[in-house]
Each structure stands twice: as structure tokens, then as C-alpha cells.
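Letter by letter, the sequence shown follows residues 13 to 208 of the numbering used here.
See below for the structure under consideration.
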Amino acid sequence: MANRLRVGPLSVSLKTNSLVTPAATKKMLAAAGACLTTLLTRKNRLALDKSHDYSIHLETISDDKMAKLNHIFRGKDGPTDVLAFPIDAAELELSSQSQSTSRGPDRSPPDPGDMPLLLGDVVVCPAVAHRQAPEHAGTPDDELGLLVVHGILHVLGLDHDTPDATTAMRARELELLREHHWCGDAPSAFRQDHDE
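Structure, rendered in C-alpha cells:
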């Protein structure tokens, strides 16, 4: 099942597998949209050239696929809950200009400025989210919301590689979830830290 959402110059596409219910899909897309809306509308939160279009791709995958990606990209065995793959705009611009395209004799070369820039991919494993939800975010819906927001923040450049960065990222996650996912305070069972 594929869904799309447009927020200003950003579009979000979400591809889900059979483990994700239509209601959960709707909530994941809403979490992504709310996260991006907030980051776009607050001064100095997300500096994007408003004259250009941008895209983020979200996808849910199985335990097996996530375990393979986790091994390839992080060198860790077993599935993880979320992986984010930011795309460096400089790399993207370079690669889009050197792509060979097939076009007819009457077509002008493609203009990279006419194509949306892919900011990155976020891959979520619903099976892991459901297993860890009781000890982490509390409910599967809260866990999926947290993972979507967490992945998008990674794509947009936030990280948790130092104690200060971890504190800042968790604060941003909580702010976005309070404002858009719960529309109020976090449930008492909600926790952000867990073992990887």
C-alpha cells in the first residue's frame, strides 16, 4: 500500500507491508506530515529553498529485510526498529547531472531543478516496533509514531552520537509527538531510551 502527503515544498511517500493496518498507515503518514509541517513553519527549524521541491520516502519492511539492511549498513546482526538514509544534496546534484537518460530527438535535456530532491529514506520494521512497544513507547501506535519522527529527524541531520545530541534529539521528538501525535502530554508509559 503506497500513500503520499504533500507539506509545502516537501512530499512524503509511505509504502507499507501487510503487517501495517490502514489505521496505522494513516497515523504514520500523519506523524510524518506533522513533523515536517512543524519543522517547516518554525523559524530556522528547517532551512529549505522554498522554490524547490523535496521528497522523503518512508517504507515499512519485514524482520528479514531489516536484518539484512542492519547488517549491511551498521554491521549489526538481527533486525532493528528504524534506519534512516539521508542523502547528501551535493551528492544528489552531482549524480542527477551525470545520469544518462533516454529521450527523443525533440526533447531537451532534463533540468535537475525541475525534479524533487530526495532528502532520504526512512525504513521502519513494524514487527520490531510491536515487540518493543511495551518496554519502550508504550503502545504500537506510539512506537510507530516515535520511529517515524526519529527517522525523519535523522534524515534532516539530527543525531544521537553524543550525550548533548541525544538530549536535543529526544527533546525534539517529544515536542513533535506532544504537539501532533498526542495533542497533549505523553502517556505515562512512554519512554524514549532503550537498548539497541
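Think of the CB as a built atom: it goes at the ideal place given N, C-alpha and C, for glycine as much as any other residue.
All values reported here derive from a predicted model rather than from experimental measurement.
Q.
Just to confirm before moving on: does the CB-CB distance between M40 and L156 stay below 8 Å?
A. For this step, residue 40 is matched to residue 28 along the sequence shown. For this step, residue 156 is matched to residue 144 along the sequence shown. Yes, the pair counts as a contact, with Cβ atoms nearer than the cut-off.
Q. With respect to the beta strand (DSSP E) encompassing I99, which residues constitute its N-terminal and C-terminal limits?
A. Start at 1 with the first residue of the sequence shown, and residue 99 comes out as number 87. First-last for I99: undefined, no H or E at that position.
Q.
Give me, in chain order, the residues of the same chain whose beta-carbon lies closer than 7 Å to that of A198; leave out the 5 immediate sequence neighbours on both sides.
A. Here residue 198 corresponds to residue number 186 of the sequence shown, with the count starting at 1. Answer for A198: L186, L189, R190, listed in chain order.
Q) DSSP on H172, reduced to helix/strand/coil? A) By 1-based counting over the sequence shown, the position of residue 172 is 160. Looking at H172 - three-state DSSP - the assignment turns out to be coil, as it is neither helix nor strand.
Q) alpha helix (DSSP H) containing D76: first to last residue? A) The sequence position of residue 76 within the sequence shown is 64, counting from 1. Element bounds for D76: 75 to 86.
Q: Compare the Cα-Cα distances from D75 to each of L129, L31, T37 and report the closest residue.
A: The count along the sequence shown starts at 1 and reaches residue 75 at position 63. Per the Cα distances, L31.
Q: Write down the C-beta distance between Y66 and L168 rounded to the nearest angstrom, noting that I regard them as a contact closer than 8 Å.
A: Stepping through the sequence shown from its first residue, residue 66 is reached at position 54. Stepping through the sequence shown from its first residue, residue 168 is reached at position 156. Not confirmed; about 10 Å, so no contact.
Q.
Based on DSSP bridge pairs, tell me the residues matched to R190.
A. Position 178 of the sequence shown, counting from 1, holds the residue named residue 190. In DSSP, R190 forms no bridge with anything.
Q.
For the alpha helix (DSSP H) containing L159, name the first residue and the last one.
A. Sequence index remark: in the sequence shown, residue 159 carries index 147 (1-based). Residues 152 to 167.
Q) So the alpha helix (DSSP H) H142 belongs to, where does it begin and stop? A) By 1-based counting over the sequence shown, the position of residue 142 is 130. 138 to 144 is the extent of the alpha helix (DSSP H) around H142.
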